[in-house]
Amino acid sequence: MQTGKITRRELLIGSSVMALGALSSSAHSAFLPNSGGVGFPLPWPYKKIDPQEAASISYNGFYTAACCYGTAKGILMPLQRLVGEPYTLVPLPEAIASGRGGIAGWGTTCGALVGAAVVAGFIAPLDAAESIIRDLFHWFGETSFPIYEPVSAKNVVRTRSASNSPLCHIAAGKWCKKAGKPFKHPEREEWCARLTADVTAQAVTLLNSWSEGTLGSGRRNPRTVYGAPAQYNCLECHSGGVPEMKKP
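Sequential numbering of the sequence shown, starting at 0, is according to numbering that gives the first Met the number 0.
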């Protein structure tokens with residue numbers, strides 16, 4: 000058994016460990032549903048947001064930390080003002096900023112969609128959040144972007160493009176092909192910034208409809224349509240190697 004005085008270094012280490020443990024416990028309890036009044040059980044309170052205000056915040060947020068951050072910022076900043084806690088306590092946009100570029104640059108789900116989906120999960124119960132997300136994803140694939148026109152644009156966008164997919168590399172790739180521009184081009188970056196604003200405005204529109212009770216049943220769950228998590232047009236890119244699923 001060690002005896003003697005505790006050194007300053009040992010005291011600091013011990014205090015740090017205790018502080019981190021307390022912070023972890025506090026943060027965890029803030030997200031626990033039905034936590035008996037401890038923290039902030041989900042879903043969190045919601046007040047209707049102006050879609051255009053949210054879009055403007057998202058557009059500028061994109062140029063801070065890209066798409067996932069921009070979308071989350073556009074939805075959460077107005078709620079910090081309108082609702083206050085718990086939205087003022089959690090730096091969520093910063094925490095999920097790595098969703099950019101199709102999640103850490105992997106080109107999977109568009110980061111703007113990821114940001115909107117995460118935020119919807121804080122605001123709406125699971126079934127409602129999934130309905131909002133499905134509607135948003137369908138709308139994304141069918142829409143020719145950009146729609147949003149910033150008051151003070153960072154750059155021009157001369158080409159609009161629809162992706163027919165929620166995937167980052169497909170959406171950006173189709174735009175680059177149509178525009179005749181490489182991925183690392185200021186106009187492509189501006190296209191993504193405006194797309195981020197568009198996704199935010201649509202997500203807010205859906206959240207507002209849900210809060211009013213006018214959202215409707217939404218799009219069908221792909222799992223019930225295809226018998227597995229999927230989208231309808233896999234063969235557009237994947238001519239082979241796509242697993243065949245028996246429909247239920």
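C-beta: ideal position from N, C-alpha, C; glycine also.
Only a predicted model underlies this, so the values are computations on that prediction, with no experimental measurement involved.
Do residue j and residue i count as a contact pair if the criterion is CB distance below 8 Å?
| i | j | result |
| --- | --- | --- |
| residue 178 | residue 186 | yes |
| residue 199 | residue 73 | yes |
| residue 68 | residue 147 | no |
| residue 118 | residue 75 | yes |
| residue 120 | residue 111 | no |
| residue 92 | residue 43 | no |
| residue 166 | residue 70 | no |
| residue 140 | residue 66 | no |
| residue 202 | residue 135 | yes |
| residue 191 | residue 61 | yes |
| residue 160 | residue 214 | no |
Tell me whether residue i, by its Cβ, gets closer than 7 Å to a heavy atom of the ligand ATP.
| i | result |
| --- | --- |
| residue 132 | With respect to the ligand ATP, the structure offers nothing, as it holds no ligand at all. |
Over what stretch of residues does the alpha helix (DSSP H) that includes residue i continue unbroken?
| i | result |
| --- | --- |
| residue 148 | First-last for residue 148: undefined, no H or E at that position. |
| residue 91 | 91-94 |
| residue 177 | 167-178 |
| residue 121 | 110-122 |
| residue 194 | 185-211 |
Work out the CA separation of residue j and residue i for me, nearest whole Å.
| i | j | result |
| --- | --- | --- |
| residue 56 | residue 38 | 28 Å |
| residue 105 | residue 97 | 11 Å |
| residue 132 | residue 116 | 6 Å |
| residue 162 | residue 90 | 31 Å |
| residue 189 | residue 49 | 22 Å |
| residue 144 | residue 180 | 16 Å |
| residue 21 | residue 122 | Interpretation of residue 21 is limited by its pLDDT of 40, a score under 50 that renders its predicted location unreliable; the figure taken from the coordinates is listed afterwards. Roughly 26 Å between the two C-alpha positions. |
| residue 194 | residue 182 | 15 Å |
| residue 156 | residue 237 | 30 Å |
| residue 40 | residue 152 | 39 Å |
| residue 30 | residue 149 | Since pLDDT at residue 30 reaches only 45, below the 50 mark, its modelled position is unreliable, and the value read off the structure follows with that caveat. For residue 30 and residue 149, the distance between alpha carbons rounds to 35 Å. |
| residue 77 | residue 94 | 18 Å |
| residue 52 | residue 212 | 22 Å |
| residue 47 | residue 210 | 7 Å |
| residue 109 | residue 45 | 25 Å |
| residue 64 | residue 138 | 24 Å |
| residue 235 | residue 164 | 10 Å |
| residue 232 | residue 142 | 16 Å |
| residue 34 | residue 54 | Confidence at residue 34 is low in this model, with a pLDDT of 42, below 50, so its placement is unreliable and the value that follows should be read with caution. Looking at the two C-alpha atoms, the distance is approximately 34 Å. |
| residue 184 | residue 154 | 11 Å |
Who pairs with residue i in a beta bridge, going by DSSP?
| i | result |
| --- | --- |
| residue 63 | Bridge partners of residue 63: none, in fact. |
| residue 160 | 144 |
Sufficient close CB pairs (3 or more, under 8 Å) joining the stretch 166-181 to the stretch 83-101: By the Cβ test, the stretch 166-181 is in contact with the stretch 83-101, since at least three Cβ pairs between them sit closer than 8 Å.
Three-pair Cβ contact test at 8 Å for the stretch 80-93 versus the stretch 202-211: Flag = no, the stretch 80-93 and the stretch 202-211 do not touch.
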